[in-house]
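Peer 1: Under mature numbering (1 follows the signal peptide of the UniProt record, and there is no 0), the residues of the sequence shown are numbered -24 to -1, 1 to 512, in order. Pasting a structure here, questions to come.
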Amino acid sequence: MIMMGRFALLVFLEFASMQLLCIAADHDAAIFYDSFEEPFNGRWIVSEKDDYKGIWEHSKSEGHDDFGLLVTEKARKYAIVKELEEPVNLRDGTTVLQYEARFQNGLECGGAYLKYLRPQEAGWKPKEFDNGSPYSIMFGPDICGLTNKVHFILKQKNPKSGEYVEHHLIDPPRVPSDKLSHVYTAILKPDNEISILIDGEAKKKGNFLSAQDFDPPIIPAKTIPDPNEKKPEDWDDRVRIPDPNAVKPDDWDENAPMEIEDMEAVKPEGWLDDEPEEIDDPEATKPEDWDDEEDGVWEAPKIDNPKCQTAPGCGEWKRPMKRNPAFKGIWNPPLVDNPNYKGIWKPRDIPNPNYFELDKPYFDPIAAIGIEIWTMQEGILFDNILIAKEENVAKSYRDTTWKPKFVVEKEKQKAEEEAAGSDDLGGFQKVVFDVLYKFADIPFLSKYKLQILDFIEKGEKQPNLTIGVLVSIVVVILTAIFMLIFSGKKQPRVEKKTEVAADTSNDQGSSGEKPAEEEKENETGGAAPRQRRRDT
């Protein structure tokens, strides 16, 4: 048994040494690699441009002893650049671009991409690095608003026009939405294939020369619309036109109003014509520090007139409005097919003066790596930036530098989610029910308070019904809002001479309804004084 144990140990040590040798060989095969285990000062150059106030920091990744390059402040622009010892020629063989990024505080709006810069002869200086510095490739995550993508942009010079054009990879992959370490890989192959990997998994493949994969296409269209051709003045591209023979009917009254007073409505019995809808709050008193000369004449805040609560309404009664049966609106002639229709005009195609053909993209050499971003979140950590000529080299780095961290972070995340799912369910329900009790106390829901409280009590007794309780209460609230909107807070029943009015949805005079702002103000604890103390 002892001999077998020693033999197993020797086999393990030999295997481990071979793995270490392979890793070392792969690391030696890297064209550029920075693990940020050492401080970046002196190796990376921070831009001195005024716009870039963000502070970079040499910091550990949360939960690890592994260092990276950290974005420390939110709502800042950042720019930093590292010159390569020798420019990298992207036209020779395979090129792999890879790096890690971790959004330790999440990312709602900001970038975490790299720019692979052209030589300084193209017109830039490290200390003046900014968003206008000429790059060959831009690669990496970008999130803000509707934007959520892992960019891959090739900036290539048109040999005919001499202009540099940005070519964006179409349908790039989305950015992982968590706070874990992720590794982004772009593989440029000599057969013009481009592959984007996230965490070693292929997420997007395309071809540099395919018009379906890049916008605009790297190879321009052979023909373009003639920019100098103009649509003839007599060209009619209207499919249908107003009927020139149509005549407005004699009985069509364009001036008839949309609504008229309901002459059959009568003022409800008990309407208090002489009572105002609001009165001064009798319990309000003038503040002791109120200065009439400085603050103006003090007026008591207004409250609802309590006499109006039991009456059908207060103030001047006006007849409600109803839809005018004679209303027809502005008359327009009907449309008919246009006899002169010639179709949609477009200019003729001419040969594209900027057209050219390529066997493969013209990549400018990479002479530096830059990070130039604007972000609303701090805590973005960059790490293990790599340029290599072989895919297995990039894989070796992923396996040895990124994967161990990711496994630890993933296990921690899983444990936290499981703990939250088992321990916080009761707490979550308590928060929900506390909020629902507050809803029940809202004034305009007073009519439904007992119904809401009944739902809450059922939910507290049977926690598995929480979702059903929420749905039921939402239905009650929506019903109350609907009734408030379409019938008014103090909507009286408007009577006709012979029958109850069937349609009171347009009653604008009998309800005494106040503007929404005043309604909301009253519901939230009474109106404020009309005159406010000025700031001194």
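Yeah, the Cβ is synthetic: ideal placement off N, Cα and C, and Gly gets one too. Keep in mind it's a predicted model, so treat the numbers as computed, not measured.
On the premise that PRO117 lies in contact with LYS198, defined as a C-beta separation below 8 Å, what is that separation, rounded to the nearest angstrom?
Peer 2: Wrong, their Cβ atoms sit about 36 Å apart, outside the cutoff.
Peer 1: Taking only the alpha-carbon atoms, compute the straight-line gap between PRO95 and LYS379 and give it to the nearest angstrom.
Peer 2: Taking the straight line from one Cα to the other gives about 33 Å.
Peer 1: Pull the bridge partners of LEU145 from the DSSP assignment, please.
Peer 2: Answer is PHE190, bridged to LEU145.
Peer 1: Relative to the C-alpha of ARG150, which residue among ALA178, VAL452, LYS318 is closest?
Peer 2: Among ALA178, VAL452, LYS318, the Cα nearest to that of ARG150 is on ALA178.
Peer 1: Which runs of the beta strand (DSSP E), 3 residues or longer, sit entirely within the segment 181 to 265?
Peer 2: If we require 3 residues or more, the beta strand (DSSP E) runs fully inside the segment 181 to 265 come out as 199 to 201, 216 to 218, 235 to 237, 254 to 256.
Peer 1: Please state whether DSSP places ARG78 in a helix, a strand or coil.
Peer 2: Strand, per DSSP.
Peer 1: Just the C-alpha distance for GLN427 and GLU393, rounded to the nearest angstrom, thanks.
Peer 2: Straight-line Cα distance between these residues: approximately 35 Å.
Peer 1: Touch check for the segment 313 to 327 and the segment 203 to 215: three-plus C-beta pairs under 8 Å?
Peer 2: Counting Cβ pairs under 8 Å, three or more are found: they touch.
Peer 1: Three or more C-beta pairs closer than 8 Å, one from the segment 125 to 135 and one from the segment 144 to 161: is that the case here?
Peer 2: Yes, they touch.
Peer 1: Could you tell me how far apart the beta carbons of TYR424 and VAL452 are, in whole angstroms, since I believe they sit closer than 8 Å?
Peer 2: TYR424 to VAL452, Cβ: 5 Å. Contact.
Peer 1: Look up ASN124 in the DSSP assignment and give the residues it is bridged to.
Peer 2: Answer by DSSP bridge pairing, in chain order: ILE119.
Peer 1: Within 10 Å of its beta-carbon, does TYR317 have 16 or more other beta-carbons around it, so buried, or fewer, so exposed?
Peer 2: It is exposed - the Cβ of TYR317 has fewer than 16 other Cβ atoms within 10 Å.
Peer 1: Since PRO102 and GLU59 are thought to touch, with beta carbons under 8 Å apart, how far apart are those beta carbons, to the nearest angstrom?
Peer 2: Right, the Cβ-Cβ distance comes to about 6 Å (below 8 Å), so this counts as a contact.
Peer 1: If distances are taken between C-alpha atoms only, which option among GLY108, TYR89, LEU185 comes closest to PRO337?
Peer 2: Considering only alpha carbons, the answer is LEU185.
Peer 1: Please report the straight-line C-alpha distance between LEU421 and ALA241, rounded to a whole angstrom.
Peer 2: For LEU421 and ALA241, the distance between alpha carbons rounds to 30 Å.
Peer 1: Compute the beta-carbon to beta-carbon distance between GLU253 and ASN281, rounded to the nearest angstrom, for a pair I have assumed lies under 8 Å.
Peer 2: The Cβ separation is near 6 Å, so the contact holds.
Peer 1: For a test of the three-state rule: what should DSSP assign to LEU164, helix, strand or coil?
Peer 2: If DSSP states are grouped into helix, strand and coil, LEU164 belongs with the strands.
Peer 1: List the residues that DSSP assigns as beta-bridge partners of GLN132.
Peer 2: The partner list for GLN132 (beta bridge, DSSP) reads VAL141.
Peer 1: From LEU156, ASN17, ALA276, pick the residue whose C-alpha is nearest to that of GLY39; which is it?
Peer 2: Comparing Cα-Cα distances from GLY39 to each of LEU156, ASN17, ALA276, the minimum goes to LEU156.
Peer 1: Rounded C-beta distance between GLN389 and LEU83? I'm assuming under 8 Å.
Peer 2: Their Cβ separation, rounded to whole angstroms, is 16 Å, which puts GLN389 and LEU83 out of contact at 8 Å.
Peer 1: Which residues in the same chain as SER11 place their Cβ atom closer than 6 Å to its Cβ, once the five residues preceding and following it in sequence are excluded?
Peer 2: ASN360, listed in sequence order.
Peer 1: Looking at C-alpha atoms only, which residue of PHE105, LEU248, GLU13 is the closest neighbour of ASP27?
Peer 2: The shortest C-alpha separation from ASP27 is found at PHE105.
Peer 1: Taking the straight line between their C-alpha atoms, what separation do you get for MET297 and PRO233?
Peer 2: Taking the straight line joining both Cα atoms gives about 11 Å.
Peer 1: I need the straight-line Cα distance from GLU230 to VAL215, nearest angstrom please.
Peer 2: Each residue's Cα considered, the two are about 28 Å apart.
Peer 1: On the three-pair Cβ rule with 8 Å, is the segment 340 to 358 touching the segment 264 to 275?
Peer 2: No, because fewer than three Cβ pairs between the segment 340 to 358 and the segment 264 to 275 fall closer than 8 Å, the two stretches do not touch.
Peer 1: Buried or exposed: which applies to ASP42, given that a residue is buried once 16 or more other Cβ atoms fall within 10 Å of its Cβ?
Peer 2: With 16 or more Cβ atoms within 10 Å of its Cβ, ASP42 is classed as buried.
Peer 1: Give the straight-line distance between the Cα atoms of PRO63 and ILE7, rounded to the nearest whole angstrom.
Peer 2: Computed Cα separation, rounded: 10 Å.
Peer 1: Hey, ILE356 and GLY86: beta-carbon distance below 9 Å or not?
Peer 2: Result yes, Cβ atoms of ILE356 and GLY86 sit closer than 9 Å.
Peer 1: Going by the DSSP bridge assignment, what does GLY346 pair with across the sheet?
Peer 2: Note: GLY346 sits in a beta bridge opposite VAL57, LYS91.
Peer 1: Give the C-beta separation of ALA287 and TRP228 to the nearest angstrom, bearing in mind that I take them to be a contact with Cβ-Cβ under 8 Å.
Peer 2: Wrong, their Cβ atoms sit about 44 Å apart, outside the cutoff.
Peer 1: Under the rule that 16 or more other beta-carbon atoms within 10 Å means buried, what is GLU76, buried or exposed?
Peer 2: The residue is buried, with at least 16 neighbouring Cβ atoms inside 10 Å.
Peer 1: Roughly how many whole angstroms lie between the Cα atoms of THR480 and ASP257?
Peer 2: The predicted model places THR480 with a pLDDT of 37, which falls under 50 and marks its position as unreliable; any figure quoted below should be read in that light. Roughly 32 Å separates the two Cα atoms.
Peer 1: How about GLN74 and ILE363: do their beta carbons lie closer than 9 Å?
Peer 2: Closer than 9 Å, so yes.
Peer 1: Residues in the same chain with beta-carbon distance under 8 Å from LYS322, minus the five sequence neighbours each way, listed in chain order, please.
Peer 2: Cβ within range, chain order: PRO201.
Peer 1: Do you know offhand how far ASN482's Cα is from ALA88's?
Peer 2: Unreliable positioning characterises ASN482 in this predicted model, as indicated by a pLDDT of 42, which lies under 50. The coordinate reading is nonetheless provided below. Rounded to whole angstroms, ASN482 to ALA88 spans 56 Å at the Cα level.
Peer 1: In this structure, does DSSP put THR286 in helix, strand or coil?
Peer 2: The answer is helix: DSSP assigns THR286 an H, G or I state.
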